[in-house]
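What follows is a set of notes on a single structure, which appears directly below.
Number of protein chains: 2
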Amino acid sequence: MLRGTVVGEEVVHVRADAVRNRESLVRAAGSVLAESGLDVPVAAIADRAGVAKGTVFRHFASKDELVVTVVAGLIDDLAARAETLLAEPDPLTALREFVAAGVELQARDLAFCQVAAAAEQQVPGLTDRRLRLEQIADLLVRRAQDAGAVRADLTGRDVVGLMTAAYQGACATGDPLRWPYFLSVLVDGLHPTGQDGAGRTSDRA
Amino acid sequence: MLRGTVVGEEVVHVRADAVRNRESLVRAAGSVLAESGLDVPVAAIADRAGVAKGTVFRHFASKDELVVTVVAGLIDDLAARAETLLAEPDPLTALREFVAAGVELQARDLAFCQVAAAAEQQVPGLTDRRLRLEQIADLLVRRAQDAGAVRADLTGRDVVGLMTAAYQGACATGDPLRWPYFLSVLVDGLHPTGQDGAGRTSDRA
DNA sequence: ACCTGAACACCGTTCAAGT
DNA sequence: ACCTGAACACCGTTCAAGT
Numbered sequence: 001m002l003r004g005t006v007v008g009e010e011v012v013h014v015r016a017d018a019v020r021n022r023e024s025l026v027r028a029a030g031s032v033l034a035e036s037g038l039d040v041p042v043a044a045i046a047d048r049a050g051v052a053k054g055t056v057f058r059h060f061a062s063k064d065e066l067v068v069t070v071v072a073g074l075i076d077d078l079a080a081r082a083e084t085l086l087a088e089p090d091p092l093t094a095l096r097e098f099v100a101a102g103v104e105l106q107a108r109d110l111a112f113c114q115v116a117a118a119a120e121q122q123v124p125g126l127t128d129r130r131l132r133l134e135q136i137a138d139l140l141v142r143r144a145q146d147a148g149a150v151r152a153d154l155t156g157r158d159v160v161g162l163m164t165a166a167y168q169g170a171c172a173t174g175d176p177l178r179w180p181y182f183l184s185v186l187v188d189g190l191h192p193t194g195q196d197g198a199g200r201t202s203d204r205a
Numbered sequence: 001m002l003r004g005t006v007v008g009e010e011v012v013h014v015r016a017d018a019v020r021n022r023e024s025l026v027r028a029a030g031s032v033l034a035e036s037g038l039d040v041p042v043a044a045i046a047d048r049a050g051v052a053k054g055t056v057f058r059h060f061a062s063k064d065e066l067v068v069t070v071v072a073g074l075i076d077d078l079a080a081r082a083e084t085l086l087a088e089p090d091p092l093t094a095l096r097e098f099v100a101a102g103v104e105l106q107a108r109d110l111a112f113c114q115v116a117a118a119a120e121q122q123v124p125g126l127t128d129r130r131l132r133l134e135q136i137a138d139l140l141v142r143r144a145q146d147a148g149a150v151r152a153d154l155t156g157r158d159v160v161g162l163m164t165a166a167y168q169g170a171c172a173t174g175d176p177l178r179w180p181y182f183l184s185v186l187v188d189g190l191h192p193t194g195q196d197g198a199g200r201t202s203d204r205a
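In structure tokens, the structure reads:
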């Protein structure tokens, strides 16, 4: 375990309790935010972590930065799942499972759900993670396109957007558990256009 | 204009400035919330309405109740639009235009957008309006089903959810203006299943 | 070097005083 | 009967004091 950090020419010592506190805070924030969402008081997180409220702001510039740290971890987990799905033999199954994983994450973690639904104002500090996730999603999409299973104009970014769409749509219904139905509607909408005429609206070339 | 209200056996007088203030507040809240979203201070609304902060709470029990009043009006407008679309000759066009109207409302009004995306916790006090909207949507759906244009298992409630899904999905992409693409994917997903095998996932009978 | 809790700012809500 | 603005409670953030 690294206890020292080089800053410029001098080595500053990082205290052991500081390391522990930071870890406690991230862990506590992870579970509290998942359960209660973005609106929980910082005090609730500090309490569960067993530190004073002020300590939160020694490790994170703001409540938002703590939230970003937690959510970034969740996005990374999802990206890792996407990478393992690249090994799945059927490209369309892989794509569908990826979207399902994203939807399930929203269902399981209220804070992630709220961040994903932060319509309009994108959360800054999360764009790089998002981008990486979209790039891996691009690989999944390309495989499915090569197999002729999905629209040629679909992008990884769109797929990530569709994860949000499916869960938010189900929630708007008043019954979040209906998300598999929304997912199926969305996935059906992804197939290549021009096979039959019933309601196809290919707005883009 | 009715200036008196009967409460029990006695008539209580409603002052003219009270009527004006209430109207000003609703109008001011409508524009301020549309621009700045649910997080604007009550003071900003009171300012634009030209009243003191305390006056807001004489007319509305809480900030939430004012928000609900404004959003209820927006939902009613959307319901009216749906009713006129019942006269549209082509059932699928009518359905698509209804969804488009809902999406455009989210794009135009940040507060409505945020309420629609209030994943998980449904806003109480809005459920009756929602229900009425869903019932009208049911009529639009049934017409489209009779024409064989959409899935047999689709409901008006689902369609309302899909409005949220389309816009939230586009927003999650970082580019809300992409919503027409998401709309097209969704609408494509609505067509009857079982015509070709490419990626159909009929999770429900 | 970091923790702590008191202090501050901001915002939703209440209420005593005024008309 | 209603408006007003001062006062209160809550929560994010800062900071002086302690170790």
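Listed in order, the protein sequences are those of chains A and B. Under the UniProt record's numbering, the first sequence is numbered contiguously, ending at residue 205. Under the UniProt record's numbering, the second sequence is numbered contiguously, ending at residue 205. Here a beta-carbon is modelled for each residue, glycine too, at the ideal position from N, C-alpha and C. Given the structure is predicted, the values throughout are model-derived calculations rather than measurements.
| field | Nearest-angstrom Cα separation, counted from A/Leu92 out to B/Val67 | value | Stepping through the second sequence from its first residue, residue 67 of chain B is reached at position 67. Stepping through the first sequence from its first residue, residue 92 of chain A is reached at position 92. Approximately 43 Å between the Cα atoms of the pair.
| query | Relative to the alpha-carbon of B/Arg22, which residue among B/Val40, B/Asp39, B/Glu65 and B/Ala34 has its alpha-carbon at the smallest distance? | reply | To locate residue 22 of chain B, count along the second sequence from 1; it is residue 22. Answer by Cα proximity: B/Glu65.
| Given 8 Å, three or more beta-carbon pairs between the stretch 13 to 28 of chain B and the stretch 41 to 60 of chain B | yes
| Taking DSSP as the reference, what is the three-state secondary structure of A/Val70? | Translated into the one-based positions of the first sequence, residue 70 of chain A becomes position 70. Note: A/Val70 maps to helix in three-state DSSP.
| Can you name the start and end residues of the alpha helix (DSSP H) that A/Ala100 belongs to? | Along the first sequence, read from residue 1 onward, the residue named residue 100 of chain A stands at position 100. Run containing A/Ala100: Pro91 to Arg108, per the alpha helix (DSSP H) assignment.
| If you measure from the beta carbon of B/Phe98 to each beta carbon in chain A, is any gap under 9 Å? | As a first step, residue 98 of chain B is located in the second sequence; it is residue number 98 there, counting from the start. Judged by the 9 Å Cβ criterion, B/Phe98 is not in contact with chain A.
| said: Could you compute how far the alpha carbon of B/Leu183 sits from the alpha carbon of B/Pro89? | reply: Numbered from 1 along the second sequence, position 183 holds the residue referred to as residue 183 of chain B. Numbered from 1 along the second sequence, position 89 holds the residue referred to as residue 89 of chain B. Straight-line Cα distance between these residues: approximately 21 Å.
| task | Could you list the residues in the stretch 180 to 193 of chain B with a C-beta less than 9 Å from some C-beta on chain A, going in chain order? | result | Pro180, Tyr181, Phe182, Leu183, Ser184, Val185, Leu186, Val187, Asp188, Gly189, Leu190, His191, Pro192 and Thr193
| C-beta neighbour in chain B for A/Asp17, strict 9 Å | The count along the first sequence starts at 1 and reaches residue 17 of chain A at position 17. No, A/Asp17 lies away from the interface with chain B (no Cβ there is under 9 Å from its Cβ).
| Closer than 9 Å, CB to CB, is B/Val160 near chain A or not? | Within the second sequence, numbered from 1, the residue matching residue 160 of chain B stands at position 160. For B/Val160, the answer is yes, since a Cβ of chain A falls inside 9 Å of its Cβ.
| query | What is the DSSP secondary structure of residue 237 of chain B, counted as helix, strand or coil? | reply | Residue numbering for chain B in the displayed model covers 1 to 205; residue 237 of chain B lies beyond these limits and cannot be assessed.
| field | Closer than 8 Å: A/Leu140 CB and nearest the ligand COA heavy atom | value | Questions concerning the ligand COA fall outside what the structure shown contains, since it holds no ligand whatsoever.
| field | A/Gly189 versus B/Arg178 - alpha carbon distance | value | On the first sequence, position 189 is the one that residue 189 of chain A refers to. On the second sequence, position 178 is the one that residue 178 of chain B refers to. Those two C-alpha atoms are separated by around 16 Å.
| query | Is it a yes or a no for the stretch 160 to 170 of chain B touching the stretch 161 to 168 of chain A, going by three-plus beta-carbon pairs under 8 Å? | reply | yes
| field | Buried or exposed by the 16-neighbour rule on C-beta atoms within 10 Å, applied to B/Gly50 | value | Along the second sequence, read from residue 1 onward, the residue named residue 50 of chain B stands at position 50. Per the 10 Å Cβ criterion, exposed.
| query | What residue range is occupied by the uninterrupted alpha helix (DSSP H) comprising A/Gln135? | reply | Here the question's residue 135 of chain A lines up with position 135 in the first sequence. Taken as a continuous stretch (DSSP letters only), the alpha helix (DSSP H) holding A/Gln135 covers Thr127 to Asp146.
| Using a Cβ-Cβ cut-off of 6 Å (strictly less than) and excluding sequence neighbours within five positions of A/Gly125, which residues of its own chain qualify? | The residue given as residue 125 of chain A occupies position 125 in the first sequence. These residues qualify, in order along the chain: Val68.
| message | Assuming A/Val70 and A/Gly30 are in contact, meaning their beta carbons sit under 8 Å apart, how far apart are those beta carbons, in whole angstroms? | response | The count along the first sequence starts at 1 and reaches residue 70 of chain A at position 70. The count along the first sequence starts at 1 and reaches residue 30 of chain A at position 30. Sure, about 5 Å apart at Cβ, within 8 Å.
| Cβ of B/Gln135 less than 9 Å from any chain A Cβ? | Looking up residue 135 of chain B in the second sequence gives position 135. Not one chain A Cβ lies under 9 Å of B/Gln135.
| task | Identify the continuous alpha helix (DSSP H) that holds B/Thr180 and give its terminal residues. | result | Position 180 of the second sequence, counting from 1, holds the residue named residue 180 of chain B. For the sequence presented, residue 180 of chain B should be read as Pro rather than Thr. Where B/Pro180 is concerned, the enclosing alpha helix (DSSP H) stretches over Trp179 to Gly189.
| task | Measure the CB-CB distance between B/Ala82 and A/Ala172 and report whether it falls below 9 Å. | result | Taking the first residue of the second sequence as 1, we reach residue 82 of chain B at position 82. Taking the first residue of the first sequence as 1, we reach residue 172 of chain A at position 172. Not closer than 9 Å, so no.
| With DSSP run on the structure shown, which of helix, strand or coil describes A/Thr84? | Residue numbering aside, residue 84 of chain A sits at position 84 when the first sequence is read from its first letter. A/Thr84: helix per DSSP, three-state reduction.
| query | If you check the beta carbons only, do B/His191 and B/Val160 fall under 9 Å apart? | reply | What you label residue 191 of chain B is simply residue 191 of the second sequence in a count that begins at 1. What you label residue 160 of chain B is simply residue 160 of the second sequence in a count that begins at 1. Not closer than 9 Å, so no.
| Just checking my contact of B/Leu105 with B/Leu140 at CB under 8 Å: how many whole Å lie between their CB atoms? | Stepping through the second sequence from its first residue, residue 105 of chain B is reached at position 105. Stepping through the second sequence from its first residue, residue 140 of chain B is reached at position 140. B/Leu105 to B/Leu140, Cβ: 16 Å. No contact.
| field | A/Gln135 burial status per 10 Å Cβ neighbour count (16 or more: buried) | value | Reading the first sequence from its first residue, position 135 is the one you call residue 135 of chain A. Answer is exposed; the Cβ neighbour count stays below 16.
| Which one of A/Glu35, A/Leu186, A/Leu86 and A/Gln145 has the shortest CA to CA distance from A/Val103? | If you number the first sequence from 1, residue 103 of chain A lands on position 103. Taking only the C-alpha atoms, the option nearest A/Val103 is A/Leu186.
| How about B/Arg178: is its C-beta nearer than 9 Å to some C-beta of chain A? | For the purposes of this step, residue 178 of chain B is identified with residue 178 of the second sequence, where counting begins at 1. Yes, B/Arg178 counts as interfacial toward chain A.
| message | With a threshold of 9 Å between beta carbons, is A/Gln122 in contact with chain B? | response | Here residue 122 of chain A corresponds to residue number 122 of the first sequence, with the count starting at 1. True, the Cβ-Cβ gap to chain B drops below 9 Å.
| said: Quick check on DSSP: helix, strand or coil for A/Pro192? | reply: Mapped onto the first sequence, residue 192 of chain A falls at position 192. Three-state DSSP puts A/Pro192 in coil, outside helix and strand.
| field | Per-residue contacts from B/Gln168 into chain A (C-beta, under 7 Å) | value | In the second sequence, residue 168 of chain B corresponds to position 168, counting from 1. What B/Gln168 touches in chain A: Ala117, Ala119, Thr164, Ala165 and Gln168.
| field | Assigned exposure category for residue 206 of chain A - 16 Cβ within 10 Å defines buried | value | Residue 206 of chain A lies beyond the range of chain A shown here (1 to 205); nothing can be said about it.
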